[in-house]
Structure formats: structure tokens, C-alpha cells
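This report concerns only the one structure given below.
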Amino acid sequence: MPKQVVKQRSRGFICVNAHPVGCARNVENQIAYASERGLGGTNARIRNVLVIGASAGYGLATRIAAGWGMGCRTLGVFLERPPAGRRTATAGYYNCVALHRAAERDGIWARSVNGDAYSDELKDSVVRAVAESMGKLDLVVYSLASPKRTNPRTGKTHSSSLKAIGSSYTGKTIDLAKSAVTTATVRPASRHEIDETVAVMGGEDWLWWIDRLLEGGALGEGARTVAYSYYGPELTWPIYRDGTIGAAKHDLKQTSDLLDERLKKAVGGAAWISVNKAVITQASAAIPVVPLYVSLLFRVMKDKGIHEGCIEQMTRLMTDHLGQANGPALDADRLIRLDDLEMRRDVQRAVADLWPQVSTKSLAALADYTGFKRDFNNLFGFGVDGVDYSEAVETELFWDMR
Ligand code: NAD
Numbered sequence: 126m127p128k129q130v131v132k133q134r135s136r137g138f139i140c141v142n143a144h145p146v147g148c149a150r151n152v153e154n155q156i157a158y159a160s161e162r163g164l165g166g167t168n169a170r171i172r173n174v175l176v177i178g179a180s181a182g183y184g185l186a187t188r189i190a191a192g193w194g195m196g197c198r199t200l201g202v203f204l205e206r207p208p209a210g211r212r213t214a215t216a217g218y219y220n221c222v223a224l225h226r227a228a229e230r231d232g233i234w235a236r237s238v239n240g241d242a243y244s245d246e247l248k249d250s251v252v253r254a255v256a257e258s259m260g261k262l263d264l265v266v267y268s269l270a271s272p273k274r275t276n277p278r279t280g281k282t283h284s285s286s287l288k289a290i291g292s293s294y295t296g297k298t299i300d301l302a303k304s305a306v307t308t309a310t311v312r313p314a315s316r317h318e319i320d321e322t323v324a325v326m327g328g329e330d331w332l333w334w335i336d337r338l339l340e341g342g343a344l345g346e347g348a349r350t351v352a353y354s355y356y357g358p359e360l361t362w363p364i365y366r367d368g369t370i371g372a373a374k375h376d377l378k379q380t381s382d383l384l385d386e387r388l389k390k391a392v393g394g395a396a397w398i399s400v401n402k403a404v405i406t407q408a409s410a411a412i413p414v415v416p417l418y419v420s421l422l423f424r425v426m427k428d429k430g431i432h433e434g435c436i437e438q439m440t441r442l443m444t445d446h447l448g449q450a451n452g453p454a455l456d457a458d459r460l461i462r463l464d465d466l467e468m469r470r471d472v473q474r475a476v477a478d479l480w481p482q483v484s485t486k487s488l489a490a491l492a493d494y495t496g497f498k499r500d501f502n503n504l505f506g507f508g509v510d511g512v513d514y515s516e517a518v519e520t521e522l523f524w525d526m527r
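What follows is the structure, given as C-alpha cells:
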């Protein structure tokens with residue numbers, strides 16, 4: 126396949142292609158950050174790490190923070206589309222190609238499995254891969270975000286929805302296709318829709334992963350697992366914490382308590398939830414209200430010099446929590462709070478002051494909407510500093526699965 130010039134193509138606000146060089150640059154930037162700010166490969170406690178959902182967003186950053194920040198060996202699981210002829214791969218696929226190339230260059234051990242993490246077959250293939258080439262796992266990170274899940278035991282496909290619970294909610298948001306501040310009404314979910322969302326984004330699959338790894342003897346003595354959640358401020362609660370996604374996250378939290386008991390008994394291990402900061406990922410941009418909140422939050426946090434993206438958060442998860450000999454610092458609900466800076470009183474007061482004032486006209490002045498759009502385009506490898514988008518590039522890139 127000859128090289129081609131890759132121009133960004135969008136449907137609505139969603140980008141339908143990806144730029145391999147831009148994606149590689151993003152991965153290299155994260156590697157540079159983790160290499161400089163991590164623990165420098167001194168951690169003897171965590172050596173082998175499985176990251177489920179490792180190709181984008183928080184999972185990709187976790188993998189880089191573990192690999193380059195702590196010298197860990199990482200096995201990544203994700204579901205991404207490879208390139209085919211003129212059709213580019215998904216951004217997550219190119220991220221993984223770049224990660225594997227960098228791992229080989231830097232002498233970091235990394236393997237990946239591309240397939241449906243919800244299936245039994247994939248779980249079995251991971252158990253085999255761990256036995257064959259890793260020994261035992263010390264840490265399992267669960268970072269999946271998906272609109273659908275097929276339950277392998279029933280064969281039923283569940284679909285999640287982003288809705289309020291109880292009564293409908295009308296609030297400000299950004300129409301991303303028009304860059305306009307509008308109001309969106311989110312209808313209340315039916316019982317069925319709540320159950321469906323919990324079936325996709327709740328804790329059942331995480332539980333099944335850990336059970337399968339335990340049965341297969343893949344978890345080492347003291348093995349830990351962590352999954353990610355979000356709380357956010359009151360103005361996002363109707364759609365997030367108190368909505369369908371919040372119900373799923375509540376279920377995830379209950380699963381963490383169950384898994385904590387189970388792992389303690391089985392291998393002297395532990396399970397936690399890390400509550401992370403709001404960032405721009407393919408998953409979060411789809412949630413109403415969130416793009417406007419995030420644009421205001423970024424403005425406030427950048428002005429205060431405390432802005433963080435995925436790699437800053439995940440490096441902190443490793444250095445300040447998981448990489449610590451006495452384990453992570455937990456709040457009263459047994460949660461790791463990486464959203465501490467986002468939730469700082471002065472930050473939330475500033476966002477709440479801006480919220481009623483922001484309109485289409487004042488969006489650019491009051492919010493960091495430019496930063497939001499840049500970060501969003503960057504997810505697909507577009508608008509990345511230092512990349513010449515007029516240059517023809519190789520799009521048929523693959524990695525050696527081994
Ligand atoms: P993302 O969309 O960037 O990444 C999702 C990952 O899941 C990708 O690696 C994708 O390949 C993988 N995936 C999806 N379906 C899969 C399947 N069937 N099989 C295998 N892999 C599959 O998502 P994200 O925003 O990084 O979210 C990860 C977690 O972090 C979620 O639990 C989310 O709720 C949480 N979180 C996100 C934010 C935020 O602001 N984005 C904040 C706090 C917590």
C-alpha cells in the first residue's frame with residue numbers, strides 16, 4: 126500500500142479515521158513524561174501488570190506509567206480495528222503499534238491481545254499468555270469503556286445509555302458539531318435501561334476477569350486490582366453520579382469490596398477503585414454536560430497551574446499510591462482519590478461561578494474550549510504539535526503479536 130495523506134474525516138463531531146504519526150507522537154509524549162516523572166524502575170513489588178482497556182485514555186496512560194515509569198512488564202487487552210487498504214486503523218490501534226515499537230527500542234517488555242475482553246475465549250487466552258510468558262500477575266487494571274457488552278454466559282448483548290434517573294434533567298451543554306452552548310434535556314431512564322447500563326459498565330465483567338485469573342493460577346501472592354470511576358461536582362450529578370452511568374459505577378464500587386475480600390483470602394491481595402479526574406477521551410466526550418464542564422474546568426485548572434491529563438494522573442497513581450510499599454492512600458470509603466485537585470474547593474467554586482455566565486458568545490473567553498477541541502482531535506492523532514499533515518504517511522502499520 127503506497128503512503129497516503131491522511132486528512133481528518135468526521136461524522137457529526139466524531140472522527141472516523143486516525144493519523145498514525147499523530148498517534149505515535151501522543152504515545153511518545155506520554156512515554157517522555159512517565160520516564161521523567163515515574164519511580165524509575167525501582168519498584169520491586171509490582172513487576173507484571175495486566176491492563177484491560179489498554180489502547181486509549183486512562184488504560185493506555187496506565188500502561189505507559191507502569192512500563193516506562195516503573196519498569197513493569199505489561200500485557201495489554203483492547204478492541205481495536207487494524208488498517209485495511211486505504212482505510213486507516215483506529216487511533217487505539219496506532220497507539221499500540223507506537224507503544225510496541227517504543228517498547229522494543231527501550232527494552233521494555235510488552236505484549237498485547239486485540240479482541241473482545243468480555244468474552245470467555247479472550248480471558249482464557251490471557252491466562253495462557255500469562256502462564257507462558259509472565260509467570261504471575263502483580264496488578265490487574267480494569268479500564269474498559271464501551272457502549273455494549275455481550276454476556277458470554279447468556280449470549281445477550283447489553284447496551285448502555287447516558288440518562289438521568291427518576292426525573293428528566295435539562296442542563297447546559299455544548300453542541301460539539303456547532304460549537305454552541307445549548308440546553309440538552311435528558312429523559313429519565315426506564316428500569317430496563319438502568320439494568321442494561323449496569324450490565325455493560327458495572328462490575329460483573331471485572332469480577333469474572335479476576336475469578337478467571339484466580340482459577341487459572343495467574344495471580345501472584347499479594348496481587349492487586351484497580352478499576353476506574355468518576356464522581357465530579359454536583360452540577361454533573363444528574364447526568365453522571367445520579368444517572369445510569371452512576372448506577373453502574375455504584376455497582377463497580379460494590380464489586381471492588383467483594384473482590385477485596387476474595388483476593389485477601391485467595392492471595393493476600395486487594396481491590397480498589399481509583400476515582401480519576403475528568404479528562405477528554407472518546408468515552409467522556411459523549412456524555413452530555415461533560416464537554417462544557419470540562420472546558421470550564423480546564424480553564425480554571427490551567428490558570429491555577431494544576432491541570433492534568435491521563436498520563437499525569439496515572440503517573441501519580443503509580444508513584445503516590447500503587448507503587449508505595451504501604452499501599453495506596455484511601456479515603457473513608459476505601460477509594461483512591463486522584464480527583465483531589467479537580468475537587469478542590471477553590472477550583473469548584475470558580476467553575477460554579479462561570480457556569481451561569483457561559484454562553485456561545487463567551488465560550489472562548491470563559492472556557493478552554495480551544496483546549497477541549499485540540500485534546501479531542503489529538504485523541505485521533507490530529508492537530509498534534511510537530512506533525513506535518515500535508516505529508517504522505519504509511520497507514521498500513523501492524524505490530525508483531527508474538
Ligand atoms: P477510552 O474510550 O479512552 O478507552 C476505552 C478502552 O476500552 C480502549 O482501550 C478500548 O479498546 C477498550 N475496549 C472497549 N470495548 C472493549 C472490548 N469489548 N474488549 C476489549 N477492549 C475494549 O475510555 P476512558 O475514558 O479512558 O475510560 C476508562 C475508564 O476510566 C472507564 O471506567 C471510565 O469510566 C473511567 N474514567 C474516565 C474518566 C474520563 O473523564 N474520561 C474520568 C474518570 C474515570
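Using this note's numbering, read the sequence shown as starting at 126 and increasing by one per residue.
Beta carbons are placed, not taken as given, at the ideal position from N, Cα and C, and that holds for glycine.
- With fewer than 16 neighbouring CB atoms inside 10 Å of its own CB, I139 falls in the exposed class.
- DSSP places C197 outside both helix and strand once states are collapsed to three, so it counts as coil.
- Sequence-distant Cβ neighbours of D241 in its own chain, meaning closer than 8 Å and more than five residues away, are L204, L247 and T275.
- Sixteen is the threshold: since fewer than 16 other Cβ atoms of the shown chains lie within 10 Å of the Cβ of P127, the residue is exposed.
- Exclusion of C148 from the 8 Å shell around ligand 1 follows from its C-beta lying no nearer than that to any non-hydrogen atom of the ligand.
- In this structure, the alpha-carbon of L338 lies about 31 Å from that of A149.
- Judged by the Cβ position, T380 fails to qualify as a neighbour of ligand 1 at the 8 Å threshold, every heavy atom of the ligand being at least this far.
- Boundaries of the alpha helix (DSSP H) around D382: T369 to V392.
- Put simply, the backbone Cα of R316 is about 13 Å away from that of I370.
- Distance from the C-beta of R136 to the nearest heavy atom of ligand 1 is not below 8 Å.
- The chain-ordered list of residues whose CB is nearer than 6 Å to some heavy atom of ligand 1 reads G178, A179, S180, A181, G182, Y183, G184, V202, F203, L204, E205, G217, D241, A242, Y243, S268, L269, A270, S271, Y353, S354, Y355, N401, A403, V404, T406, Q407, A408 and S409.
- Here L332 is not near V251, since their CB atoms are 9 Å or more apart.
- By the criterion of a C-beta distance shorter than 6 Å, L460 is surrounded in its chain by I398 and V400, once the five residues flanking it on both sides are discounted.
- Judged by DSSP in its simplified three-state form, Y355 adopts coil rather than helix or strand.
- For I431, there is no enclosing beta strand (DSSP E), as DSSP gives it neither H nor E.
- Partner residues in the beta bridge of P313, as assigned by DSSP, are A289.
- Inclusion of V323 and A289 in the CB contact set at 9 Å is not warranted, their separation being larger than that value.
- A check of alpha carbon separations from P481 across G296, N220 and G506 identifies G296 as the nearest.
- Taking 8 Å as the upper bound for CB-CB distance, G434 and V404 are in contact here, some 6 Å apart.
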